[in-house]
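Chains as they are written, first to last, in the numbering used here: chain A, 572 to 1093; chain B, 234 to 522; chain C, 28 to 333.
In this text, a Cβ means the ideal position worked out from N, Cα and C, and glycines have one as well.
Contents: one structure, followed by commentary.
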Amino acid sequence: MKTFALQHLLLLLLLNGLPAHARESDGDLILGNPGEPQTLDPHRYNLRLEETILTDLFLGLTAMDPEGRIIPGAAESWTVSEDGLTWTFRLRENLKWSDGEPLTAEDFVFSFRRLLDPATAASLAYFMYPIANARAVNAGELPPAALGVSAPDPRTLALELAEPYPHLPERLLYPTGFAVPGHVIDAHGDDWVKAEHWVSNGAYRLEAWRPQAYVALEANPHFHEPVAIPRVRYLPLANEQNAYNRYRAGEVHAIGGFPSSELDRVRRTMPEHLRISPLLSMIYLVFNTTRAPFDDVRVREALTLMVQPDILTEKIQRTGNYAARSFVPFLVEGYDAPVPAFHDQPLPDRMSRAKALLGEAGYGPDNPLEVTLRYFDEGDGKRSNLAIASFWRQIGVTTRLHHTELKVHFTDLRQGDFQVAQAGWIGENNPGHYLELLISDAGNVNYGRYRNQAYDTLMQAAGKQKELAERYRLMREAEALAMGEYPVVPLWSVAVKRLVSPDLKGWHENHRDVHAVRYLSW
Amino acid sequence: MPFFRTALTGTLLARLCSVWILLTLVGAGFGAAWSGWDPEAIDWEALEAAPDAAHWFGTDLIGRDLFARVMLGARVSLTAALIATTVSILIGVPYGAFAGLRGGRTDQLMMRIVDVLYAVPFILVVILLMVVFGREPLLFFLALGAIYWLDIARIVRGQTLVIREQAYIEAARTLGAGRLRILLRHVVPNVAGPALVYATLTIPAVILAESFISFLGLGIQEPDTSWGVLIADGTRTMESAPWTLFFPALFLGLTVWCFNMLGDRLRDQYDRQTRGYTRNIASESAARG
Amino acid sequence: MTGYLLNRLLISGATFLVIITAVFFMIRAAPGGPFDGDRRLPPEVEANLLAAYDLDQPPGRQYLNYLGMLARGDLGPSFKQKDFTVNELIASGLPVSLGVGLTALLLAVLGGVGIGVQAGLSPGSFSDAALMGAANLGLALPSIVLAPLAVLVFAVWLGWLPAGGVGSPAHFILPPLALALPFVTAIARLTRGSVAETLLEPHVMTAHAKGLPHRRIVFRHILPIALLPVLSFLGPAAAALLTGSVVIEQVFELPGIGRYFVQAALNRDYTLVMGVVVVYAAFILMFNLLVDLCYARLDPRIRVAD
């Protein structure tokens, strides 16, 4: 043990003198990632920071251009049947894995089955539930072969759906839709993800992964187009202050966040480095509708009336986040979200109405309402929740703040163990992706256990439409209905603040905050 | 009380330190009220404001009065020190006295255990406790106390060995007093002095340990605060608002330093009285922060 | 002396077992399982996960299995770092932690003993007051303040040294310095007291009276005795250094096992937490044994007593 450790120490100090100083490296790109990936197996991934790396390592059927538009990926084209239930993808010619082996439609069939096979224990397998029989396969009720995926010929892949799902090309952008190399998994089992066995089909392949230090990628010689950046190194920079320091010390070319209190200074001293882009996301408060006091819609309404999202974003955070007026983020294209009327009323009117509502519900100076607000996010979330507590204090409500780390927070939310809590959803360009959270059988992601038969019926009807316009019309109706019962308080959509080296070309803002390295150059 | 005697008659340094500690104690008790600001209230007109007449230490990122928060932090940090030190005395004194009084193999074994326990990474265990059982401040402070009884046990055992040989213990024994009675009536009162002196050196160690764990985000949490939490926040805003780091760091640094200086002084006085076998152990305990 | 060492070894072994047992059952008492994402898993999937990590067994059984694995030197798979085993993670993190820790220990001993001896040889003099005054300042600058400031000044403002991470020898300058400083103070204080006291010992007085050269007295008669307390301090110091290194690794983003520990504790990565505690405990206990061994060889009292 001891000699072993010493050897490593020597290696580390002497031989392994890697040029981590960005300014000394030539051509290599060094990027900050907000944490350490837990896995690079696209079927087992869970975190956005893993998605970032996986998008460089793999190429799905569809892909995204630098501006966030959906473009062909491994598939050069696709068609949908008249009933919206069969999607046929035509693969590019001569696709290869990074070890030179040919990549065929069978590889995708293998991969979709592996994803939904309960033995894989993929926690995000439900992303592919639109595929016929996916739910049953994932629950172990049907064999993986029963999945609605087939390969009529090596360049054609057919996906059968249970219901029309016009957002499928977008859904396929996630790593859950990526192909994994069956021939390597057969040979090495779970060890296929080790750098020495690594095979993938993206613009890059895994070169090395040193835990908590870096994940290094190198260009894949078999990718169908050339890339300008030969090597990339992702550093886990979980602490924003540290990331900011290391960026300024010239050790990283781009970071995913910095302390919001530094925004003014950055604007002043290094504006050419600053990149702010809106992210398709919704941060909101959720009321537990099954428990006093929030089983009373009057109390929910009163507290909702007092929250001013624009004060949070403009005065408290001052970090460019976008105040929300609806549950579906304004960034979702083609959907005109309904805005509740109270947003345009002056605050004094709202306050007197809120007080009246609380009074009706039995709360007042002699019986003050006390609530516990739970949160998990130490950054913008903490400050905003302190401010929300002060909003509520204006109508005599005492708020205790209760912080727990992310894990515990969401466990308790799923179990309904809270009164009112902060929650967040980073979603798709699809209103249904947000509104699903309020369906009564959504399972425990409907944290507040909101239940409304009419809402469920509308959402169900929307899910059967294959035309977007009709889907959206029904969803809009559903959202308006739900917002009249105040199950959630929409707060803001996140603005991602990055620092990016001005030397780096090809970097574009997009609503998903995905920046594939293959589009970048010096 | 040796503390007050030193405060009045010690060297200039010791007297200054005593004054600082007394001020911090009073501040911890009433400071938040003096400032006129609630430590949790947000002053919308002064977000991240520099120190001025209204906010003596300035405000933090969301406009809370920093003076009030540093005083609240003092309350939490000093409470931690008080509780943990009490626990360390409550464990250390009986343990050391019993070992010393029994002597022989029992004593040897008990002291070996203390030696080995010095080597246990207790801080990791405290962190685990926090993660597993939630961030309960009281549990946190008690757990810290469970680390620092080792020094006290050693000192007390040494003292007991000396006292054991004294004539009055012999007398009591001849008169038929039981072991427990001897322990309570004769040994404990006589080791209380030195135990208190060394407790003075435990205080800064506890304050530091608390601040380290809170700095990592694993100890005290909002809206409560401690110096460690304030420093962690301060390092995040030290460029845009240097005062958010300066004041908590000043209070933590100076308080820890003063307790150490005072502890040294008390120990020296005490050593001069007893001509001390215990000196080296004491320097160690001062050092283990 | 063999008896003395055997005794120590036995108690160390028992302590090790107690630590492992306590930590093992403590983590299993934690609320929130290791696989809580923000969506519930289908029962079939969850069952597979639990079985893969041996969590479907009763706790007593799991404990025995763990001890069995431990005996074979296997710390198991990591719950959260799914692509690595705990052994692989520790093999990657331990050299960093050891490198920083041992460098800091060396710096602390050299600096602390140097200052302490210089000050202790002329107690009450100006150089004593100046040196010890400076060393005592270290007590007022805890590393949670010092380390972030050092990064700001030396990396961000001056650009002399890297702000964090690993990769070149330059990355191993600030962290050990920041880690060592409080221990320089501690060792200096300890050494000074001990040297000053040894000066008054009869055999040192005699040596002076015999007119032996000053250097010779210092190195032959004073230091061997005066440094014994420093030696015995190194055992506890190793444990304290480790606490410090958890903070330092966090501030400098060093991929050492202290950082793993904090991350794993927050993520409820049971096996990694256990692994780190096991490794730390083993190292510290071993280090203490080593110190004891040196002490036993050097201290005439123990040699005689045996």
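Under DSSP, the beta-bridge partners assigned to residue 993 (chain A) are A:856. At a cut-off of 9 Å, the C-beta of residue 152 (chain C) has no neighbouring C-beta in chain B. In the structure shown, residue 244 (chain B) falls within a coil segment according to DSSP collapsed to helix, strand and coil.
Contact between residue 779 (chain A) and residue 787 (chain A) holds, with the beta-carbon distance rounding to 5 Å and staying under 8 Å. Taking a contact to require three or more Cβ pairs closer than 8 Å, the region 696 to 705 of chain A and the region 681 to 688 of chain A qualify as touching. At a cut-off of 9 Å between C-beta atoms, residue 422 (chain B) does not count as an interface residue with respect to chain C. DSSP, read as helix, strand or coil, puts residue 223 (chain C) in helix. Counting C-beta pairs with one atom in each stretch, the region 636 to 655 of chain A and the region 734 to 746 of chain A have three or more that are closer than 8 Å, which means they touch. According to the DSSP assignment, residue 847 (chain A) belongs to the beta strand (DSSP E) that extends over 845 to 849. In this structure, residue 325 (chain B) lies near residue 388 (chain B), with their beta-carbon atoms less than 9 Å apart. The beta carbons of residue 810 (chain A) and residue 990 (chain A) sit about 31 Å from each other, so the pair does not count as a contact at 8 Å.
Between the region 333 to 353 of chain B and the region 276 to 285 of chain C, the count of C-beta pairs closer than 8 Å stays below three; the two stretches do not touch. Excluding sequence positions up to five before and after residue 272 (chain B), its CB lies within less than 6 Å of the CB of 265, 301, 302, 305, all in the same chain and listed in chain order. Residue burial is scored here from C-beta neighbours: residue 109 (chain C) has at least 16 other C-beta atoms within 10 angstroms and is therefore classed as buried.
Residue 635 (chain A) has A:641 as its beta-bridge partners, per DSSP.
For the pair of segments examined, the region 895 to 911 of chain A was found not to touch the region 960 to 979 of chain A: the number of CB pairs separated by less than 8 Å stays below three. For the 9 Å CB-CB criterion, residue 899 (chain A) and residue 994 (chain A) do not form a contact.
The C-beta of residue 92 (chain C) has fewer than 16 other C-beta atoms within 10 Å across all chains shown, which makes the residue exposed.
When DSSP reads this structure, residue 240 (chain C) sits in no beta bridge, so it has no partner. When the beta-carbon positions are compared, residue 929 (chain A) and residue 1016 (chain A) stay at least 9 Å from each other. Of all residues in the region 117 to 147 of chain C, only 118, 119, 120, 121, 122, 123, 125, 126, 129 place a beta-carbon less than 9 Å from a beta-carbon of chain A. Classified as exposed, residue 401 (chain B) has fewer than 16 neighbouring CB atoms from the shown chains inside 10 Å of its CB.
When the alpha-carbon of residue 161 (chain C) is set against those of C:212, C:233, C:244, the nearest one is in C:212.
Exclusion of the five residues before and after residue 380 (chain B) leaves 355 as the residues of its chain whose Cβ lies within less than 6 Å of its Cβ. Residue environment analysis places residue 888 (chain A) among the buried positions, since at least 16 neighbouring C-beta atoms fall within 10 angstroms of its C-beta. Residues are counted here when their Cβ sits less than 7 Å from a Cβ of chain A; for the region 100 to 115 of chain C these are 107, 108, 109, 110, 111, given in chain order.
Under the 8 Å Cβ criterion, the region 70 to 83 of chain C does not count as touching the region 263 to 275 of chain C, having fewer than three qualifying pairs.
By the Cβ test, the region 829 to 839 of chain A is in contact with the region 812 to 820 of chain A, since at least three Cβ pairs between them sit closer than 8 Å. Contact of residue 928 (chain A) with chain B by beta-carbon distance below 8 Å is absent, the smallest such distance being about 25 Å. Per the C-alpha coordinates, the member of A:956, A:1085, A:1089, A:1092 positioned closest to residue 620 (chain A) is A:1085. Per DSSP, residue 601 (chain A) is one residue of the beta strand (DSSP E) stretching across 600 to 604. Note on geometry: alpha-carbon atoms of residue 294 (chain C) and residue 104 (chain C) lie some 15 Å from one another. Exposed is the label assigned to residue 842 (chain A), since fewer than 16 other Cβ atoms lie within 10 Å of its Cβ. A distance below 9 Å separates the beta carbons of residue 170 (chain C) and residue 208 (chain C). For residue 331 (chain B), the closest C-alpha among the options B:391, B:292, B:434, B:483 is that of B:391.
Residues of chain A with a Cβ closer than 8 Å to the Cβ of residue 277 (chain B) are, in chain order, 886.
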